[in-house]
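First to last, the sequence lines map onto chains A and B. Going from the first sequence to the numbering used here is simple: count from 1 and add 8. Going from the second sequence to the numbering used here is simple: count from 1 and add 8. From the three backbone atoms N, C-alpha and C, an ideal C-beta is built for every residue, glycine too. Right, one structure below, let's go through it.
2 protein chains.
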Amino acid sequence: MIRPGAPTLEDVARAAQVSTATVSRCLNSPERVVEATRLRVLAAVDRLGYSPNFGARALAARRTDTIGAIIPTMENSIFARGIQAFQEELRAHKLTLLIASSSYRPDQEADQIRTLTARGAAGFLLIGHDRNSEIYSFLKRQGVPVLVAWVYDPNNPQPSIGFDNRSSMRALAARVIELGHRDIAMISAGQAFNDRARDRVSGVRDAMELSGLEPQSLRLMETTYGIESGADAFSALMAAETRPTVVMCGNDVLAAGALKRARQMKLRVPEDISITGFDDIELARLLEPALTTVHVPHREMGRQAARMLVDMVEGGAPQASIELQTTLQMRDTLGPPRTV
Amino acid sequence: MIRPGAPTLEDVARAAQVSTATVSRCLNSPERVVEATRLRVLAAVDRLGYSPNFGARALAARRTDTIGAIIPTMENSIFARGIQAFQEELRAHKLTLLIASSSYRPDQEADQIRTLTARGAAGFLLIGHDRNSEIYSFLKRQGVPVLVAWVYDPNNPQPSIGFDNRSSMRALAARVIELGHRDIAMISAGQAFNDRARDRVSGVRDAMELSGLEPQSLRLMETTYGIESGADAFSALMAAETRPTVVMCGNDVLAAGALKRARQMKLRVPEDISITGFDDIELARLLEPALTTVHVPHREMGRQAARMLVDMVEGGAPQASIELQTTLQMRDTLGPPRTV
DNA sequence: AAGGAGAATGTAAGCGCTTGCAAAAAGAAT
DNA sequence: ATTCTTTTTGCAAGCGCTTACATTCTCCTT
């Protein structure tokens with residue numbers, strides 16, 4: 009795991025007959041070097057195939073220009089669009105983004121945070137508030153600011169940018185109830201260490217309560233993330249004596265699984281059973297019938313998150329959380345219940 | 009972009025009343041430190057929230073334990089599964105993977121290669137052979153080995169692991185022709201700097217030639233990557249005087265777009281028009297009707313790629329390319345042509 | 001109790017880079 | 001020409017860490 013021969017600044021300096029300081033300046037503030045010299049140096053850089061050593065540079069300059077982000081999964085596009093926008097905006101600020109994924113596991117997330125910190129992350133974008141307080145204190149001691157995304161919680165002192173998962177889901181559930189559904193089931197991702205999942209469940213219960221339904225009557229199925237999990241949870245729900253008339257899913261991936269299984273079971277959607285999602289990923293429009301879901305402004309969130317985090321890292325000024333609005337995306341998987 | 013207060017090895021050493029060498033040993037080869045000392049040191053590490061500085065460590069140890077991978081896109085799951093397996097296998101070898109994406113652009117890929125090299129990548133996984141030779145010579149001068157994946161080309165001296173895109177597509181096209189299709193259209197990703205796309209087109213032409221069809225009669229539509237692009241290309245193809253009876257797509261994402269547009273145009277698949285894909289990503293099974301495509305053993309490829317690359321980085325022994333087999337995944341979007 | 005082997009720890013050099021300061025070179029003004 | 005600026009370049013310290021080597025401490029052996 010060694011790179012013995014890689015050329016160094018000194019090699020370039022020797023080849024160009026200048027000092028290492030001059031080479032360094034050529035690379036970092038070219039205007040401070042007269043053209044003749046600069047050309048000579050850059051030629052040497054090219055000829056030798058020189059590549060600066062980031063570690064050494066960061067060490068000497070005490071600056072890394074690096075931001076870290078840890079997302080629960082890269083396997084699907086739930087976070088892809090937002091992170092893409094985040095990265096683009098960071099690049100405009102000449103910052104590099106280091107991405108890692110945690111597979112929805114708190115321990116892995118903690119690991120990745122340490123790894124990226126070691127590698128110079130000067131600020132972090134993390135998803136959701138829920139995590140061990142040790143991580144926050146570690147980051148505080150390291151002097152690394154954290155911005156939480158995909159949620160908005162004005163009551164949490166930790167700055168965040170995102171949307172109100174609870175009220176968003178409440179709005180969708182209200183629409184569901186308005187259509188006449190009384191027997192509601194829900195497939196949720198694991199609620200431990202996942203405030204988004206919890207809030208979405210609460211949102212459904214809120215709506216039930218507001219409409220005079222018994223919140224406890226919600227048939228809740230908790231499962232791991234993934235299409236197959238969603239499908240299996242759907243089967244379990246449908247195995248009940250009296251079937252629900254609607255299955256609300258905590259996200260589009262679970263909904264895709266539910267929909268797939270519904271088709272396998274020859275159930276017509278939405279005539280026999282309604283299904284809803286959350287996130288509005290690209291997949292939602294491709295499914296047949298197209299998925300009714302909650303649209304989240306991912307790109308906007310990513311872009312604004314980058315700006316906020318840059319401010320936090322540079323200015324150190326405490327940032328106020330920002331709330332983004334979601335919208336109901338009515339498509340074809342939600343209809344009135346069969347017998348109303 | 010500074011982290012002023014972050015504790016250093018020296019801070020820990022002082023707190024634990026030992027030398028920095030001992031702290032370093034505690035962290036890297038704990039068995040060389042007597043337990044009493046070790047406990048004291050680790051306690052100090054914990055108390056201070058110490059995190060090692062990767063750059064400094066790499067500098068001193070002349071070792072980075074880091075591998076880089078550059079994939080064309082993270083936006084969809086074409087590469088996700090393979091890279092996931094790749095990463096898991098690397099982790100088993102105590103190596104960290106740094107991932108970057110190039111948006112299918114050679115210049116961005118070159119950039120990312122330089123960036124990750126600077127950050128210590130001791131080996132690279134790259135997709136496909138096609139790239140500027142300068143990049144290869146740069147990497148050679150840096151002493152960084154490269155493994156090419158997602159393709160298998162025994163004629164290329166560069167070691168690779170993957171499958172034969174050309175013969176895989178030929179097999180699918182042969183099946184298409186066997187079903188009676190004579191009027192074949194194809195939607196391909198851009199062929200410039202993309203040997204996979206080129207090979208897949210060649211594969212279709214091969215099959216046509218073998219069956220006595222004129223390869224030049226293939227109606228080829230080249231487009232950028234993405235669902236919408238696939239949909240638009242499909243529209244363009246269908247605007248022709250005499251419509252093709254089958255549209256073969258260079259990958260599943262384009263096929264998803266084509267299928268979506270076909271539905272919008274009220275065409276029945278496969279009765280009115282057949283559509284095929286390539287890759288067999290998760291989406292292929294979710295589409296309605298489910299997509300006929302070529303299955304690629306992504307996980308296997310990722311795992312084996314990791315093993316090969318580790319060998320290359322450690323042993324330096326030149327590796328022989330490995331071929332993996334694809335299989336036809338017949339599902340529901342391919343049928344006989346309408347009038348046969 | 002002395003000597004020696006082996007284990008535990010410390011000392012200090014140096015990895016490749018940036019940057020404050022000083023020196024040298026190049027113009028500008030007299 | 002001479003002096004004064006201003007620009008361009010070099011010198012050298014030091015960023016946080018690992019590791020070869022030197023030193024000290026333990027614990028046997030005799």
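For this session: Figure out for me which residue from B:Tyr58, B:Val154, B:Asn164 has the closest Cα to the Cα of B:Gly76.
Result: One-based indexing of the second sequence puts residue 76 of chain B at position 68. The residue with the shortest Cα to Cα distance from B:Gly76 is B:Val154.
Exercise. Which residues mark the beginning and the end of the beta strand (DSSP E) in which A:Ala248 is found?
Worked result: Position 240 of the first sequence, counted from the first residue, corresponds to residue 248 of chain A. Careful: A:Ala248 lies outside any beta strand (DSSP E) and carries neither H nor E.
For this session: Going by CA-CA distance only, name the one from B:Ala93, B:Ser27, B:Gly343, B:Met82 that's closest to B:Arg190.
Result: Here residue 190 of chain B corresponds to residue number 182 of the second sequence, with the count starting at 1. That would be B:Gly343, whose Cα lies nearest to the Cα of B:Arg190.
For this session: Ignoring anything shorter than 4 residues or poking outside the stretch 29–113 of chain A, list the alpha helix (DSSP H) runs there in chain order.
Result: 43–56, 62–69, 88–100
Exercise. If A:Asp259 and A:Ala197 are in contact, beta carbons under 8 Å, what's the gap, nearest whole angstrom?
Worked result: In the first sequence, the residue the question calls residue 259 of chain A occupies position 251. In the first sequence, the residue the question calls residue 197 of chain A occupies position 189. Note that residue 259 of chain A corresponds to Asn in the displayed sequence, not to Asp. At roughly 7 Å, the Cβ-Cβ gap stays under 8 Å, so A:Asn259 and A:Ala197 are in contact.
Problem set entry | Any C-beta of chain A under 8 Å from that of B:Asn36 | Along the second sequence, one-based indexing puts residue 36 of chain B at 28. Output row for B:Asn36: interface = no.
Problem set entry | Of the residues B:Arg204, B:Arg206, B:Ala205, B:Pro223, the one placed nearest B:Arg213, counting alpha carbons only | Locating residue 213 of chain B in the second sequence gives position 205, where the first residue counts as 1. Checked all of B:Arg204, B:Arg206, B:Ala205, B:Pro223; the closest Cα to B:Arg213 is B:Pro223.
Exercise. In whole angstroms, what is the alpha-carbon distance linking A:Glu331 and A:Gly324?
Worked result: Here residue 331 of chain A is taken as the residue at index 323 of the first sequence, counted from 1. Here residue 324 of chain A is taken as the residue at index 316 of the first sequence, counted from 1. Computed Cα separation, rounded: 21 Å.
For this session: Please determine, among A:Ala181, A:Ala69, A:Ala51, A:Phe201, the residue with the shortest C-alpha to C-alpha distance to A:Leu134.
Result: Sequence index remark: in the first sequence, residue 134 of chain A carries index 126 (1-based). Nearest option by C-alpha distance: A:Phe201.
Exercise. How long is the line joining the alpha carbons of A:Tyr233 and B:Lys102, rounded to whole angstroms?
Worked result: Counted from its first residue, the first sequence places residue 233 of chain A at position 225. Counted from its first residue, the second sequence places residue 102 of chain B at position 94. Straight-line Cα distance between these residues: approximately 27 Å.
Exercise. Any Cβ of chain A within less than 8 Å of the Cβ of B:Met273?
Worked result: Residue mapping note: residue 273 of chain B aligns to position 265 of the second sequence, counting from 1. Not an interface residue.
Problem set entry | Within 7 Å of chain B by C-beta, residues of the stretch 65–83 of chain A in sequence order | Ala66, Leu67, Arg70, Arg71, Thr72, Asp73, Met82, Glu83
Problem set entry | Counterpart residues of B:Ser168 in DSSP-defined beta bridges | Position 160 of the second sequence holds residue 168 of chain B. In the DSSP output, where bridge partners are listed per residue, B:Ser168 has B:Val156.
Problem set entry | Closest residue to B:Arg297 among B:Thr284, B:Leu56, B:Ile107, B:Gln199 (Cα-Cα distance) | Position 289 of the second sequence, counting from 1, holds the residue named residue 297 of chain B. As written in the sequence, residue 297 of chain B is Pro, which differs from the Arg given in the question. The shortest Cα separation from B:Pro297 among B:Thr284, B:Leu56, B:Ile107, B:Gln199 belongs to B:Thr284.
Exercise. Using DSSP with H/G/I as helix, E/B as strand and the rest coil, what is B:Leu336?
Worked result: On the second sequence, position 328 is the one that residue 336 of chain B refers to. Strand at B:Leu336.
Exercise. Do three or more CB pairs link the stretch 20–29 of chain A to the stretch 63–77 of chain A at distances below 8 Å?
Worked result: no
Problem set entry | Cβ separation of A:Val159 and A:Asn173, assumed to be a contact under 8 Å, to the nearest whole Å | Here residue 159 of chain A refers to the residue found at position 151 when the first sequence is read from its first residue. Here residue 173 of chain A refers to the residue found at position 165 when the first sequence is read from its first residue. The pair is a contact, with the Cβ atoms about 6 Å apart (cut-off 8 Å).
For this session: For the stretch 45–64 of chain A, enumerate the residues whose C-beta is nearer than 8 Å to any C-beta of chain B, in chain order.
Result: Leu56, Gly57, Ser59, Pro60, Asn61, Phe62, Gly63, Ala64
For this session: Less than 8 Å between the CB atoms is what I'm expecting for B:Phe87 and B:Leu105, so what's the real figure, rounded?
Result: For the purposes of this step, residue 87 of chain B is taken as residue 79 along the second sequence, with counting starting at 1. For the purposes of this step, residue 105 of chain B is taken as residue 97 along the second sequence, with counting starting at 1. Not a contact, Cβ separation roughly 13 Å.
Problem set entry | Every unbroken alpha helix (DSSP H) within the stretch 199–283 of chain A, with a cutoff of 4 residues, ordered by chain | 203–218, 235–246, 260–272
Problem set entry | Simplified DSSP assignment, three categories, for B:Glu18 | Stepping through the second sequence from its first residue, residue 18 of chain B is reached at position 10. Residue state, collapsed to three classes: helix.
For this session: Determine, using beta carbons only, whether A:Glu331 comes closer than 8 Å to chain B.
Result: The sequence position of residue 331 of chain A within the first sequence is 323, counting from 1. No, no contact with chain B.
Problem set entry | Cα-Cα separation between B:Ala21 and A:Cys257, rounded to whole angstroms | Counted from its first residue, the second sequence places residue 21 of chain B at position 13. Counted from its first residue, the first sequence places residue 257 of chain A at position 249. Roughly 52 Å separates the two Cα atoms.
Problem set entry | Endpoints, beta strand (DSSP E) assigned at B:Ser2 | There is no way to answer for residue 2 of chain B, as the model of chain B reaches only from 9 to 348.
For this session: Give the DSSP-derived three-state secondary structure of B:Ser329 in the structure shown.
Result: Here residue 329 of chain B corresponds to residue number 321 of the second sequence, with the count starting at 1. Three-state result, B:Ser329: coil.
For this session: Can you have a look at A:Asp287 and say buried or exposed, based on whether 16 or more other CB atoms are within 10 angstroms of its CB?
Result: Position 279 of the first sequence holds residue 287 of chain A. That one is buried.
Problem set entry | Close Cβ partners of B:Arg208 (< 6 Å) along its chain, the five nearest in sequence each way excluded | The count along the second sequence starts at 1 and reaches residue 208 of chain B at position 200. Around B:Arg208: Asn173, Met177, Gly258.
Exercise. Can you tell me whether A:Pro38 is buried or exposed, with buried defined as 16 or more other CB within 10 angstroms of its CB?
Worked result: Within the first sequence, residue 38 of chain A is the residue found at index 30, counting from 1. Answer is exposed; the Cβ neighbour count stays below 16.
Exercise. Are the C-beta atoms of B:Glu296 and some chain A residue less than 8 Å apart?
Worked result: On the second sequence, residue 296 of chain B is found 288 positions in, with the first residue counted as 1. Yes, contact with chain A.
For this session: Could you tell me which chain A residues have their CB closer than 7 Å to the CB of B:Ser85, listed as they occur along the chain?
Result: Translated into the one-based positions of the second sequence, residue 85 of chain B becomes position 77. Neighbours of B:Ser85 on chain A, chain order: Glu83, Asn84.
Problem set entry | Assigned exposure category for B:Arg206 - 16 Cβ within 10 Å defines buried | Translated into positions along the second sequence, residue 206 of chain B becomes position 198. Buried is the call here.
For this session: Could you confirm whether any beta carbon from chain B is found closer than 8 Å to the beta carbon of A:Ala270?
Result: The sequence position of residue 270 of chain A within the first sequence is 262, counting from 1. It does not: the Cβ of A:Ala270 has no partner Cβ on chain B nearer than 8 Å.
Exercise. Between the beta-carbon of A:Gln411 and the beta-carbon of A:Thr125, is there less than 8 Å?
Worked result: Residue 411 of chain A lies beyond the residue range present for chain A, which begins at 9 and ends at 348; the question has no answer from this structure.
Exercise. Alpha carbon to alpha carbon, what distance is there between A:His137 and A:Ala182?
Worked result: For the purposes of this step, residue 182 of chain A is identified with residue 174 of the first sequence, where counting begins at 1. For the purposes of this step, residue 137 of chain A is identified with residue 129 of the first sequence, where counting begins at 1. Between A:Ala182 and A:His137, the C-alpha separation is close to 26 Å.
Problem set entry | Nearest-angstrom Cα separation, counted from B:Ile78 out to B:Phe132 | Counting from one through the second sequence, the residue named residue 132 of chain B turns up at place 124. Counting from one through the second sequence, the residue named residue 78 of chain B turns up at place 70. Distance between the alpha carbons of B:Phe132 and B:Ile78: 8 Å.
Exercise. Quick one: what's got a C-beta closer than 7 Å to B:Glu290's C-beta in the same chain, skipping five residues either side?
Worked result: As a first step, residue 290 of chain B must be located in the second sequence, where it is residue number 282. Here the set comprises Ser85.
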